[in-house]
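Okay, structure first, notes after.
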Amino acid sequence: MIEVMTSNYAAAHGARLAKVEVIAAYPITPQSSISEKLAEMSVKGELHGQYILVESEHSAMSLLIGASYVGARTFTATSSQGLALMHEMLYWATGARRPIVMIVASRAMAPPWNIWGDQMDVIGERDTGWMQFFCENNQETLDTIIMSYKIAEDRSVMLPAMVVEDGFILSHTFEAVDLPNQDDVDDFLPKFNPELKIDFNDPRRFGGLVMPDWWSEFRYRIAQDMEGAKKKIVEVDKEFGKKFGRTYGGLVEFYNCDDADVVLALAGSAVGTAKDVSDKMRERGKKVGVVKIKALRPLPAEELRKLNDMVPVVGVFDRSFNFGHGGGIFSEMRNGIYTPDGGPLIKNYVGGMGGRDFTPKHMEWVFEDLLRIKKEGKVDRMIEWIPLRDGTGRWY
Amino acid sequence: MPKFTIPKEEYVYKGHSACPGCGTPLALRYALKALGPKTVLNFPAGCGGVILGLWPGYAMKVPVVDNAFECTAAVSNGLRAGFEVKGVEDAYVVGWAGDGATVDIGLQALSAAVDRNSNIIYVMLDNEAYMNTGIQRSGCTPVGAWTTTTPVSNGKGYNLTPKKRIMDMMVANGIAYGATVNVAYPEDFVARMQKAKDIKGVKFIHALAPCTAGWRIDPSKSVEIGRLATQTGTFPLYEVDHGKYSLTKEIKKRKPVDEYLKLQGRFRHLQKEAIADIQRLVDEEYERLLYNVKVTNG
Numbered sequence: 213m214i215e216v217m218t219s220n221y222a223a224a225h226g227a228r229l230a231k232v233e234v235i236a237a238y239p240i241t242p243q244s245s246i247s248e249k250l251a252e253m254s255v256k257g258e259l260h261g262q263y264i265l266v267e268s269e270h271s272a273m274s275l276l277i278g279a280s281y282v283g284a285r286t287f288t289a290t291s292s293q294g295l296a297l298m299h300e301m302l303y304w305a306t307g308a309r310r311p312i313v314m315i316v317a318s319r320a321m322a323p324p325w326n327i328w329g330d331q332m333d334v335i336g337e338r339d340t341g342w343m344q345f346f347c348e349n350n351q352e353t354l355d356t357i358i359m360s361y362k363i364a365e366d367r368s369v370m371l372p373a374m375v376v377e378d379g380f381i382l383s384h385t386f387e388a389v390d391l392p393n394q395d396d397v398d399d400f401l402p403k404f405n406p407e408l409k410i411d412f413n414d415p416r417r418f419g420g421l422v423m424p425d426w427w428s429e430f431r432y433r434i435a436q437d438m439e440g441a442k443k444k445i446v447e448v449d450k451e452f453g454k455k456f457g458r459t460y461g462g463l464v465e466f467y468n469c470d471d472a473d474v475v476l477a478l479a480g481s482a483v484g485t486a487k488d489v490s491d492k493m494r495e496r497g498k499k500v501g502v503v504k505i506k507a508l509r510p511l512p513a514e515e516l517r518k519l520n521d522m523v524p525v526v527g528v529f530d531r532s533f534n535f536g537h538g539g540g541i542f543s544e545m546r547n548g549i550y551t552p553d554g555g556p557l558i559k560n561y562v563g564g565m566g567g568r569d570f571t572p573k574h575m576e577w578v579f580e581d582l583l584r585i586k587k588e589g590k591v592d593r594m595i596e597w598i599p600l601r602d603g604t605g606r607w608y
Numbered sequence: 038m039p040k041f042t043i044p045k046e047e048y049v050y051k052g053h054s055a056c057p058g059c060g061t062p063l064a065l066r067y068a069l070k071a072l073g074p075k076t077v078l079n080f081p082a083g084c085g086g087v088i089l090g091l092w093p094g095y096a097m098k099v100p101v102v103d104n105a106f107e108c109t110a111a112v113s114n115g116l117r118a119g120f121e122v123k124g125v126e127d128a129y130v131v132g133w134a135g136d137g138a139t140v141d142i143g144l145q146a147l148s149a150a151v152d153r154n155s156n157i158i159y160v161m162l163d164n165e166a167y168m169n170t171g172i173q174r175s176g177c178t179p180v181g182a183w184t185t186t187t188p189v190s191n192g193k194g195y196n197l198t199p200k201k202r203i204m205d206m207m208v209a210n211g212i213a214y215g216a217t218v219n220v221a222y223p224e225d226f227v228a229r230m231q232k233a234k235d236i237k238g239v240k241f242i243h244a245l246a247p248c249t250a251g252w253r254i255d256p257s258k259s260v261e262i263g264r265l266a267t268q269t270g271t272f273p274l275y276e277v278d279h280g281k282y283s284l285t286k287e288i289k290k291r292k293p294v295d296e297y298l299k300l301q302g303r304f305r306h307l308q309k310e311a312i313a314d315i316q317r318l319v320d321e322e323y324e325r326l327l328y329n330v331k332v333t334n335g
């Protein structure tokens, strides 16, 4: 059934269809309408579990960890400051091997205050051991939530997953979304049945003190299972495609890349803009491609390394910036692509932060700049903020 | 043979790593004797979890979840929600947090769990400072006490902030049931837990447990000193059942507070005047309690 809705509503429907059993909710812009929609679904009896209003994002994540220990499927939503407040418990969910799924409507970190789209919040949580899946459109938000449970709850994975939708650009924009029917989702997504949970007949302790002589083994298990998740992500994406007719490339999608002279790698809603611009430029004979980073964690390094043989120039677009370093996706791309034998020329374009428009016109400028680099054979400026105001109004 | 009212079953194993004379294992034993085997405990950072020992073993017969410092009530609520959606009705969920983890860093989550009338037992194991990190002052450290962050030099520097009136705050917040218990009064401890366990809503148990290292006391004296805390009125035993206060241990004639203070190294710097001030404080707090008993039963 096709309905027109925002990505936030699509997220709420995703959680409903996944039959989440415990939801912890706390408001923050631009996520709030997810919590509101879930409240409405709950009061109408459309949800299968409990909808609990907590007093902070920290308690939201803590509560879900508790519920997940009993074997409940859990869900929450947050943004920006709320995600940062959860930070401690994000590590906890990972270490406790709780496959919680959370959507983040990504938003700028204050100060100064800014409630608009920006990926600095989610980039800041790369190291917490959560899988991170970025969405290009509202349909993908819904589908990714359903797929995330299947991936996260797999006994070979058992790690939490963060689904990222760009604040406002997706969260508050209406698009047509195909709502799968419940029977098909039930068929695709088995009930959560963790191997280890609270069991009074087989009492265990979860999270007790581990000394240095065993600590690394605990971390190594997570590292291994996060690696293993790559295979599972691709599998689940294919299976989803068979069942629902939509796939998202698994970990990474190469679009118009086969014979490309240059490509632009990016994550989130701007992928759609880049694909459109790439199509239009190709009509004019300009061979530009798009690399859609679907999964930032686990980082699909093997797939990204294919770019070494595919193109001489790679651009990376970022809606975030690590001060003193570069864009978040940019540093990931460099880590992913480069081998001891080197790699393609690479340049970072930083823009669209704090809700600043990043239009097809800007995107075309980026592709033209990459084509110029290919022609000149060198990168004159590794990081470019675009568009940025100065006295002359020029872009730098 | 004397008749014992305390259940014989043990749910805390030998071999835990508490210091000799520590009050916490006593509190854990008494609580679990009252609650039985279908109980899950969750511990934030603190001695409570640490003394259960190292992975892969732990010195307890019931499931245990460890959690971060400030989230005991939220995790407990989550465990309860999990049991509810899974249709498990006969399990007890216990959040077991220290005084710092409760009245300082964990107060927000606890208050919200009370707002939600979450069906949990919350035990605040009060040893009157951050003992696990090395005896730093908490909101439950009494006036006059030395701690490592209220060090005493030339008779000055000891803690001057009054112990937070956490029970009154919890009562104002709307807990279903509250009780103070003391490891030196095991039968009362078990009786209060047995009463609390099947009441619906948040049951807030304020448990006093002497810390030999932090209180600077002889390990053989912790029960004696615990008793003196109640006998002097420093830590009176009472319950608050749906808002009604009542004494659970009547002390006909309270002993002078000096008898309690002088056995503890953490108070050894106190001069006569300061002790008189503390006596006045204890008297005032005790009068407040009697007033609460009177007005809530009137």
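Just so you know, the sequences run in chain order A and B. Each residue of the first sequence is one higher than the last, beginning at 213 in my numbering. Each residue of the second sequence is one higher than the last, beginning at 38 in my numbering. Heads up, the beta-carbon is just placed ideally off N, CA and C, and yes, glycines get one too. Bear in mind the structure is a predicted one, so any value in this text is a computation, not a measurement.
Quick one: which chain A residues come within Cβ less than 9 Å of residue i?
i              : result
Q145 (chain B) : E267, S268, H270, S271
C108 (chain B) : H270, S271, M273, S274, L275, I277, G278, E300, M301, W304
A149 (chain B) : L265, V266, E267, S268, S271
Could you tell me the alpha carbon to alpha carbon distance between residue i and residue j, rounded to whole angstroms?
i              : j              : result
V218 (chain B) : N334 (chain B) : 21 Å
M493 (chain A) : K573 (chain A) : 12 Å
V131 (chain B) : V446 (chain A) : 41 Å
V260 (chain B) : Y297 (chain B) : 12 Å
L508 (chain A) : C347 (chain A) : 11 Å
G603 (chain A) : I142 (chain B) : Low confidence applies to G603 (chain A): its pLDDT is 47, below 50, so where it sits in the model is not reliable enough to give any reading.
L144 (chain B) : K487 (chain A) : 50 Å
L63 (chain B)  : K289 (chain B) : 26 Å
G538 (chain A) : V525 (chain A) : 18 Å
A313 (chain B) : G181 (chain B) : 11 Å
Could you list which residues in chain B have their beta carbon closer than 8 Å to that of residue i, in chain order?
i              : result
R417 (chain A) : L89, W92, Y95, M97, P100, V101, V102, D103
D411 (chain A) : P100
W426 (chain A) : W92
Taking residue i as the reference, give the member of the options with the closest Cα.
i              : options                        : result
K75 (chain B)  : B:Q308, B:Y323, B:P100, B:A146 : B:P100
L519 (chain A) : A:A477, A:V316, A:K587         : A:A477
Q243 (chain A) : A:F418, A:I541, A:G555, A:A224 : A:A224
G292 (chain B) : B:L284, B:V319, B:G280         : Correcting the residue identity first, residue 292 (chain B) is Lys in this sequence and not Gly. Answer by Cα proximity: B:V319.
V216 (chain A) : A:A251, A:E387, A:D366, A:K249 : A:E387
P247 (chain B) : B:T61, B:F80, B:V330, B:K331   : B:T61
S54 (chain B)  : B:Y67, B:T42, B:G94            : B:G94
K286 (chain B) : B:G280, B:G270, B:H279         : B:G270
R568 (chain A) : A:D330, A:Y550, A:A373         : A:D330
D152 (chain B) : A:K455, A:D366, A:K559, A:L265 : A:L265
E439 (chain A) : A:V232, A:E514, A:E576         : A:E514
A364 (chain A) : A:K443, A:Y467, A:K590, A:G461 : A:K443
A320 (chain A) : A:M359, A:W426, A:S292         : A:S292
N349 (chain A) : A:V369, A:W328, A:V375, A:D366 : A:V375
Who are the Cβ neighbours of residue i in its own chain at under 7 Å, not counting the five residues just before and after it?
i              : result
L276 (chain A) : V234, A236, T286, T288, I312
G58 (chain B)  : T249, P256, S257, S259
CB-CB under 6 Å to residue i, same chain, minus the five flanking residues each way: which ones, in chain order?
i              : result
G137 (chain B) : Y167, S175
E377 (chain A) : S219, A317, C347, T353, S383
E269 (chain A) : Y238, T290, G294, L297, M298
Y303 (chain A) : T340
Ordered along the chain, which non-local residues of its own chain (more than five positions away) have a Cβ less than 8 Å from that of residue i?
i              : result
G302 (chain B) : W183, W252, R253, I254
T459 (chain A) : D449, K450, F452, G453
Q155 (chain B) : The residue asked about is misnamed: residue 155 (chain B) is Ser in this sequence, not Gln. A110, S113, N114, R117, G238, V239.
Y281 (chain A) : A308, R310, K409, I410, F418
Taking Cβ-Cβ distances shorter than 7 Å, what residues in chain B pair up with residue i?
i              : result
Y281 (chain A) : V102, L116, G119
Please list the partners that residue i has in chain A, where partner means a Cβ-to-Cβ separation under 7 Å.
i              : result
V180 (chain B) : Result: empty, since nearest Cβ-Cβ is about 31 Å, beyond 7 Å.
V122 (chain B) : E233, V234, G261, Q262, A284
P74 (chain B)  : F412
V77 (chain B)  : I410
For residue i, go through chain A and note every residue whose CB falls closer than 8 Å to its CB, in chain order.
i              : result
V160 (chain B) : Under the 8 Å cutoff, chain A gives no residues; its nearest Cβ is about 16 Å from V160 (chain B).
G86 (chain B)  : G420, L421
S113 (chain B) : G278
V131 (chain B) : The contacting residues do not exist; V131 (chain B) stays about 12 Å from chain A at best.
V140 (chain B) : Under the 8 Å cutoff, chain A gives no residues; its nearest Cβ is about 17 Å from V140 (chain B).
Q: Go through the region 97-143 of chain B residue by residue and report every complete run of the beta strand (DSSP E) that reaches 3 residues or more, in order.
A: 101-103, 129-135
(Q) For a minimum of 3 consecutive residues, which ranges assigned as the beta strand (DSSP E) are wholly contained in the region 315-370 of chain A? (A) 343-346
Q.
For a minimum of 3 consecutive residues, which ranges assigned as the beta strand (DSSP E) are wholly contained in the region 178-251 of chain B?
A. Complete beta strand (DSSP E) runs here, min 3: 214-219, 240-245.
Q) Hey, which unbroken runs of the alpha helix (DSSP H) at 4 residues or more fall wholly within the region 530-555 of chain A? A) Those alpha helix (DSSP H) runs which fall completely within the region 530-555 of chain A and span 4+ residues are 540-549.
Q. Residue ranges of each beta strand (DSSP E) run of no fewer than 3 residues wholly in the region 273-297 of chain A, ordered along the chain?
A. 286-290
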